[in-house]
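Start counting at 1 in the sequence shown, then tack on 2, and there's your number in the numbering used here. Yeah, the Cβ is synthetic: ideal placement off N, Cα and C, and Gly gets one too. A short worksheet on the structure shown next.
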Amino acid sequence: RVPLPPAASASAGGAGAAAAAESAAALPDSAMAAFRSFFAQQPGVWNSERTYHYEMPAEVVRSQTTFDVAAIGEAEVARVMSVTGGGRAPGPAARRAGFRVSFYTYMASRPGEKIMNSTALVFVCEAWDGARGVLSGAYLRDVGYEVDGARSARFEFAVGENALTMRTEYPETVSVDQITLVNPAVRVRRILNYKRPEEGGRLSEVKLAGFGMEKKVVEGERLVPK
């Protein structure tokens with residue numbers, strides 16, 4: 003997969019917002035229907051079992067996580083977009099998706115300890131690559147996973163694969179997180195953390211690789227209680 007482009011800087015906010023609006027006008031209905039369908043199936047409770055492979059020190063760690071995913075309203079979407087900056091106009095609601103994701107995790111390497119976090123996130127469609135069948139745009143969070151504070155990142159949604167790929171740049175690492183929705187109750191998750199390269203360099207040094215299966219809780223127990 004071609005690396006996602008970096009997010010627009012706040013200094014270029016006005017021009018970036020105008021360019022995004024022009025590009026968004028060309029988003030095909032069929033692709034947007036697939037985008038909306040993908041996100042419509044995300045709310046609920048998901049149980050996840052993952053394996054993480056660390057490069058240094060070489061280690062394999064298993065984890066169990068329960069996610070609570072809930073859609074957020076327009077006021078919360080506007081708040082997330084304001085705290086992440088970039089001068090983006092909200093645009094049509096049909097081209098956005100917003101959620102509150104709370105998670106509760108047990109790590110095998112930290113027995114008896116429950117890790118908890120919560121973030122509000124918004125996806126804003128900005129462009130369509132017809133040759134690749136990919137929508138792309140801004141991925142915005144009010145709280146980052148690896149550092150404190152709001153994060154502005156990028157996403158791609160591969161329509162034919164029903165797969166969402168999110169790329170976030172941190173000071174030391176670049177995280178590429180992918181969710182493939184196999185069916186309404188099963189997701190496959192892949193997380194790759196790379197050492198951040200020099201400006202313009204390619205991602206070539208993997209620091210962590212995580213893989214997992216996630217199942218929506220329809221009937222049954224949470225793997226990790228609140």
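Around the CB of VAL136, 16 or more other CB atoms lie within 10 Å, so the residue is classed as buried. For MET34, the uninterrupted alpha helix (DSSP H) run begins and ends at 31-42, by DSSP. By the Cβ neighbour-count rule, THR53 is exposed, with fewer than 16 other Cβ atoms within 10 Å of its own. Proximity to VAL188 across PRO30, PHE40, VAL82, LEU194 peaks at PHE40, based on C-alpha coordinates. A check of alpha carbon separations from ARG198 across ILE117, GLY114, PRO173, LEU183 identifies PRO173 as the nearest.
The continuous alpha helix (DSSP H) containing SER84 extends over residues 76-86.
Bridge pairing for ASP70: VAL47, SER104 [DSSP].
For ARG52, the three-state secondary structure derived from DSSP is strand.
Non-local beta-carbon contacts of THR68 in its own chain, meaning distances under 6 Å to residues more than five positions away in sequence, involve ASN49, TYR106, ARG224, LEU225, VAL226 in chain order. About 27 Å separates the CB atoms of PRO30 and VAL71; that is not less than 8 Å, and the two are not in contact. Between THR170 and GLU158, the C-beta spacing is not below 8 Å. Residue range 116-131 is occupied by the beta strand (DSSP E) that includes VAL124. The C-beta distance from VAL124 to VAL79 rounds to 5 Å, short enough to meet the 8 Å contact threshold.
Taking ARG98 as the centre and dropping the five residues before and after it, the same chain places the C-beta of VAL79, PRO92, VAL124, PHE125, VAL126, CYS127 closer than 8 Å to its C-beta, in chain order. Each residue's CA atom was taken as its position, placing ASN119 and VAL103 some 8 Å apart. Taking ALA60 as reference, the option from VAL219, LEU205, LYS209 with the minimal CA-CA separation is LYS209. By the beta-carbon neighbour count (other beta carbons within 10 angstroms, threshold 16), ASN195 is buried.
Taking C-beta separations shorter than 6 Å and ignoring five residues to either side along the sequence, the partners of HIS55 in its chain run VAL62, ALA211, following chain order.
Collapsing the DSSP output to three states places ARG97 in a helix. Apart from the 5 residues on each side of it in sequence, TRP130 sits with its Cβ closer than 7 Å to the Cβ of ALA28, LEU29, PRO30, ALA33, LEU137 in its chain, given in chain order. Per DSSP, the beta bridge partners of MET109 are SER65. Around the beta carbon of SER111, fewer than 16 other beta carbons sit within 10 angstroms, so the residue counts as exposed. Judged by DSSP in its simplified three-state form, TYR141 adopts strand.
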